[in-house]
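One structure is given here, and the rest of the page talks about it.
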Amino acid sequence: MSLAVISGLKAVALIILNRLALGVVTLFAVSVLIFAAVNILPGDFAQAILGQGATEEAVEAIREDLGLNKNAIVRYADWLGGILKGDFGVSFAQANFSSFAGEDASKGGIGSVAAQLEPRFKNTLFLAGVAAIIAVPLSLVLGIMAALYRNSVFDRFVNISTLTSISSPEFFLAYVLILFLSVLNPLLPSLSNIYVEMTFADRLHKTLLPALTLTLVVMAHMMRMTRAAIINLLASPYIEMARLKGIKPARVIVFHALPNALAPIINVIALNLAYLVTGVVVVEVVFVYPGIGQLFVDSVKIRDIPVVQACCLVFAAAYILLNLTADIFSILSNPRLRHPK
Amino acid sequence: MNITRRDVLKAGAAATALTMVPAISTQAMPKKGGRLRLGLDGANTSDSWDSRTHSDIFMILSGHGTVFDCLTRVTSEGQLVGELASDWSSDDAKTWVFNLRKGATFHNGKSFGADDVIESMQLHVAEGAKSAAQPIVANVSEMKKMNEHQVMFTLEKANADFPYLMSDYHICIFPAGQIPEAMANGIGTGLYQVESFDPGVRLVTSRYANHYKGDEYGHFDEVEVIAINDSAARMNALMTGQVDAVNRVDFNTEPLLRANPNIDIFEAVGNQHYTFAMLSQTSPFDDLNVRQALKYGINRQEMVDKILQGHGQVGNDHPIGPGNQYHYSDLKQTEYDPERAKSLLAKSGLSELNVDISVSEAGFPGATNAGQLYQASAKAGGINLNVVQEPSDGYWSNVWLKKPFVAVYWSGRATEDWMFSTAYEAGVPWNDSQWDHPRFQELLYAGRVELDSDKRRQIYHEMQMILNVEGGVIVPMFASYVGASSSKLASTGAIGKSWMMDNARMAENWWFA
Numbered sequence: 001m002s003l004a005v006i007s008g009l010k011a012v013a014l015i016i017l018n019r020l021a022l023g024v025v026t027l028f029a030v031s032v033l034i035f036a037a038v039n040i041l042p043g044d045f046a047q048a049i050l051g052q053g054a055t056e057e058a059v060e061a062i063r064e065d066l067g068l069n070k071n072a073i074v075r076y077a078d079w080l081g082g083i084l085k086g087d088f089g090v091s092f093a094q095a096n097f098s099s100f101a102g103e104d105a106s107k108g109g110i111g112s113v114a115a116q117l118e119p120r121f122k123n124t125l126f127l128a129g130v131a132a133i134i135a136v137p138l139s140l141v142l143g144i145m146a147a148l149y150r151n152s153v154f155d156r157f158v159n160i161s162t163l164t165s166i167s168s169p170e171f172f173l174a175y176v177l178i179l180f181l182s183v184l185n186p187l188l189p190s191l192s193n194i195y196v197e198m199t200f201a202d203r204l205h206k207t208l209l210p211a212l213t214l215t216l217v218v219m220a221h222m223m224r225m226t227r228a229a230i231i232n233l234l235a236s237p238y239i240e241m242a243r244l245k246g247i248k249p250a251r252v253i254v255f256h257a258l259p260n261a262l263a264p265i266i267n268v269i270a271l272n273l274a275y276l277v278t279g280v281v282v283v284e285v286v287f288v289y290p291g292i293g294q295l296f297v298d299s300v301k302i303r304d305i306p307v308v309q310a311c312c313l314v315f316a317a318a319y320i321l322l323n324l325t326a327d328i329f330s331i332l333s334n335p336r337l338r339h340p341k
Numbered sequence: 001m002n003i004t005r006r007d008v009l010k011a012g013a014a015a016t017a018l019t020m021v022p023a024i025s026t027q028a029m030p031k032k033g034g035r036l037r038l039g040l041d042g043a044n045t046s047d048s049w050d051s052r053t054h055s056d057i058f059m060i061l062s063g064h065g066t067v068f069d070c071l072t073r074v075t076s077e078g079q080l081v082g083e084l085a086s087d088w089s090s091d092d093a094k095t096w097v098f099n100l101r102k103g104a105t106f107h108n109g110k111s112f113g114a115d116d117v118i119e120s121m122q123l124h125v126a127e128g129a130k131s132a133a134q135p136i137v138a139n140v141s142e143m144k145k146m147n148e149h150q151v152m153f154t155l156e157k158a159n160a161d162f163p164y165l166m167s168d169y170h171i172c173i174f175p176a177g178q179i180p181e182a183m184a185n186g187i188g189t190g191l192y193q194v195e196s197f198d199p200g201v202r203l204v205t206s207r208y209a210n211h212y213k214g215d216e217y218g219h220f221d222e223v224e225v226i227a228i229n230d231s232a233a234r235m236n237a238l239m240t241g242q243v244d245a246v247n248r249v250d251f252n253t254e255p256l257l258r259a260n261p262n263i264d265i266f267e268a269v270g271n272q273h274y275t276f277a278m279l280s281q282t283s284p285f286d287d288l289n290v291r292q293a294l295k296y297g298i299n300r301q302e303m304v305d306k307i308l309q310g311h312g313q314v315g316n317d318h319p320i321g322p323g324n325q326y327h328y329s330d331l332k333q334t335e336y337d338p339e340r341a342k343s344l345l346a347k348s349g350l351s352e353l354n355v356d357i358s359v360s361e362a363g364f365p366g367a368t369n370a371g372q373l374y375q376a377s378a379k380a381g382g383i384n385l386n387v388v389q390e391p392s393d394g395y396w397s398n399v400w401l402k403k404p405f406v407a408v409y410w411s412g413r414a415t416e417d418w419m420f421s422t423a424y425e426a427g428v429p430w431n432d433s434q435w436d437h438p439r440f441q442e443l444l445y446a447g448r449v450e451l452d453s454d455k456r457r458q459i460y461h462e463m464q465m466i467l468n469v470e471g472g473v474i475v476p477m478f479a480s481y482v483g484a485s486s487s488k489l490a491s492t493g494a495i496g497k498s499w500m501m502d503n504a505r506m507a508e509n510w511w512f513a
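Residue numbers (the numbering used here), protein chains in the order written: chain A, 1 to 341; chain B, 1 to 513.
Following this line, the structure appears as structure tokens:
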């Protein structure tokens, strides 16, 4: 291994460390923002959970039990202290029920935020994974073909249809898919209530419709970036040389243009993967998919701050990590680094 | 009695039902088997089998309607019958002796007896216990095991409705000595035993063999309850056949469901009602003429047609609904009469009345529109209502019981006494009309201790009449519980009125035709 490669790898390692440190700072900023935002919302957990029963005494009793009447800064510091020890705390809903039943919620178990979050997060990752497995190869292939047959009818059609789907709101796409694939032609279930005991095939079958919805949402971005990056390179002298050698256009694009276009494509793919994890909220609600997005919506509704905070941290962490991965891959895909003189 | 279009339709339906008698009687032989899949809202990730915390349909149906039993039960026809108690008696409405069913067993094989009842009741009665059923059972001063199959309850103050209160969905019976385990795993005496439970996602149960209710109830092999909190997703799941029945049908999509030949809509008008409450000791509502003018200024039928899209019944300014035992159905209906409102105002020397009315969707769904309808109809009676839109957040803490004239939602109560003592007894915290009426109060106490059913009827009718004429609450409508099912499902035809989804007992009462 030459010196240049080693110094290159060192530089990459340095960038990773730098980014991770920045990521931690970002997470901290996110948590402050979220905590402030949830506190600014009118009403709090006590009022939301009591509904009509929210008389002053009842609200006070719950606030007292949950420590909600402590100063906001003290509450934030308590929460942060817990996080630093790896303790995400107990959801208000569970703490409230436990105090109701006269038990100690802090004993952990089913009530802890981490325990609630874990299965939901796995489900969300599964959905994102299925969507990515469909969307990434599909948009790469379509992008390459659109570059190959640029300005043809095929190119126009792919462009228009993907732009239409990215411009439509997610719930609308979801309902269109339900209408065509579930109501008119009962091929796929509109209810994606997956659970632990399900076989993998069943799980996949139930996840397909939300995954297809997400595919439609993220495809345009990746497809168009692939197409643009390749076309951009087609004017370069080395491509012209390849063409002059008499190589077929498909081979020129896949073996000569694509490797050099990888950096921006990988960047866009990583961004969209991050979106698959964090942007699934609406899709999960429409398909009743038990993922982190639905948990997030339910928790915001009742102002369950510990759960909302934890969900946001997970979302932010996913974004930061995937962005970091994108940077690393685009550096590694740089031929100048891989083939030093 | 004036005949509305609705009455004609009802009469028509009754006539068709009569001609269909043979068909119905063959249908009355329930078939066994199948897996019932219910799509319900009101599910939370923090749900558990602790029945003290049950508050929404998902756990109410899964708990006392499927996996657990109470001492007593209200049938779809509205009668009180024994569940884990076979019968009961009292001479003075103060000491109640319950005879318990023999041969009932919990799902772990433990046989049911008096200890289970007492220990389960302790969950609500014990000092410091926080239970939503506390107001119901706070009155119990002593519980005594007479023998293995008999318990005696002594009440502090007499209450003729005590057996009725024992049907409350919070008061499920758990196995004595194993309560934490039973709460963790869902071990009850119900028709179905828990196979798997994923809080906020779904419940799967299977029929408990050799159940004491025998073949008469619980016709499904399995029952699956699926959490679908989103209304559109719930309707979709029924349309695409992924569930067999759903609750809380969205009124906007109800015509689409109705048009689908594979779907039946079932509804029952129970005790759920929407009100406008005035603080009757605050000016100008302390003036009886003003209260009455406001009652004549509202067009109730229009509210039912436009706010409930016909899924309900006009109210008559008292909270006792068709689901209650002593509902006064022959009480003269207060009609929309702007002229009368005007003359009532004139009696108080007013040429017109200007008042604020506070509304919010938190008050009841459609309250803002209802406020505007009321504003338009009241105008003809010389009443100028200023509709104030309040924020939904904090509505119950900042507006209700504070502002003088507000929109309020009530789910109703199973008994007259419970309803009145929640919101109409002088001095109780939820008395949202500052109601304090000596004769009413006297009747309330008399009804509570009266065991004779005819005398109670008289008492409660008079109380409903007092509220109708003088009360500070306008009750324009009773809202139906609307559910929808696949036409493959069948029932006896009677739909319970105490709670949605046939008293939350679809798993018990229905079958696949």
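Cβ coordinates follow ideal geometry from the N, Cα and C atoms, glycine included.
Note that the coordinates shown come from a computational prediction; the quantities given were computed from them, not determined experimentally.
Provide the residue span of the beta strand (DSSP E) that contains residue i, from first to last.
| i | result |
| --- | --- |
| B:Asn386 | 383-389 |
| B:Ser343 | No beta strand (DSSP E) contains B:Ser343, which is instead part of the alpha helix (DSSP H) from 338-347. |
| B:Ala85 | 85-89 |
| B:Pro429 | Neither: B:Pro429 is in no beta strand (DSSP E) and is coded neither H nor E. |
| B:Trp96 | 95-100 |
| B:Arg73 | 72-74 |
| B:Asn147 | 140-147 |
Ends of the alpha helix (DSSP H) at residue i?
| i | result |
| --- | --- |
| A:Asp298 | 292-301 |
| B:Ile136 | 134-137 |
| B:Pro465 | It is Met, not Pro, that sits at residue 465 of chain B in the sequence shown. Segment 453-470, the alpha helix (DSSP H) holding B:Met465. |
| A:Gly143 | 113-148 |
| B:Asn377 | The question names Asn, but residue 377 of chain B is Ser in the sequence shown. From DSSP, the alpha helix (DSSP H) with B:Ser377 extends over 367-379. |
Compute the beta-carbon to beta-carbon distance between residue i and residue j, rounded to the nearest angstrom, for a pair I have assumed lies under 8 Å.
| i | j | result |
| --- | --- | --- |
| B:Gln315 | B:Met477 | Reading off the sequence, residue 315 of chain B comes out as Gly, not Gln. With 8 Å as the limit, B:Gly315 and B:Met477 qualify as a contact, their Cβ atoms being about 5 Å apart. |
| B:Lys157 | B:Asn139 | 6 Å |
| B:Met152 | B:Thr95 | 6 Å |
| A:Arg75 | A:Gly81 | 11 Å between Cβ atoms; not a contact. |
| B:Tyr169 | B:His64 | 4 Å |
| B:Leu36 | B:Val223 | 5 Å |
| B:Ala423 | B:Phe364 | In fact, because the Cβ distance is near 15 Å, the residues do not count as touching under 8 Å. |
| B:Asp417 | B:Asp161 | 5 Å |
| A:Leu318 | A:Ala270 | Going by the sequence as given, residue 318 of chain A is Ala instead of Leu. The Cβ separation is near 11 Å, so there is no contact. |
Please report whether the beta-carbon of residue i lies at a distance below 9 Å from any beta-carbon of chain B.
| i | result |
| --- | --- |
| A:Val217 | no |
| A:Pro169 | no |
| A:Gly129 | no |
| A:Gly89 | no |
| A:Ile331 | no |
When you compare the CB of residue i with every CB in chain A, is at least one pair closer than 9 Å?
| i | result |
| --- | --- |
| B:Met239 | yes |
| B:Thr515 | Lying before the first or after the last residue shown, residue 515 of chain B is absent from chain B, which here runs from 1 to 513. |
| B:Asn236 | yes |
| B:Gly321 | no |
| B:Ala233 | yes |
Considering only the alpha carbon of each residue, which of the options lies closest to residue i?
| i | options | result |
| --- | --- | --- |
| B:Lys488 | B:Tyr395, B:Ile320, B:Glu142, B:Phe512 | B:Phe512 |
| A:Ser167 | A:Val285, A:Asp327, A:Val217 | A:Val217 |
| B:Ala380 | B:Lys342, B:Lys403, B:Ser392 | B:Lys342 |
| B:Ala376 | B:Ser397, B:Tyr409, B:Leu345, B:Pro338 | B:Pro338 |
| A:Phe287 | A:Arg150, A:Leu179, A:Phe329, A:Ile331 | A:Leu179 |
Name the DSSP bridge partner or partners of residue i?
| i | result |
| --- | --- |
| B:Phe444 | Inspection of the sequence shows that residue 444 of chain B is occupied by Leu rather than by Phe. According to DSSP, B:Leu444 bridges with nothing at all. |
| B:Gly39 | B:Ile226, B:Val246 |
| B:Asn509 | The partner list for B:Asn509 (beta bridge, DSSP) is empty, contrary to what the question assumes. |
| B:Thr205 | B:Val194, B:Val223 |
| B:Asn354 | B:Asn384 |
| B:Gln313 | B:Phe478 |
| B:Gln274 | Before going further, note that residue 274 of chain B is Tyr rather than Gln in the sequence given. In DSSP, B:Tyr274 forms a bridge with B:Tyr409, B:Met477. |
| B:Phe266 | B:Gly483 |
Could you tell me whether any non-hydrogen atom of the ligand ADP is closer than 8 Å to the CB of residue i?
| i | result |
| --- | --- |
| B:Val225 | Of the ligands one can find in the structure shown there are none, so the ligand ADP has no counterpart to examine. |
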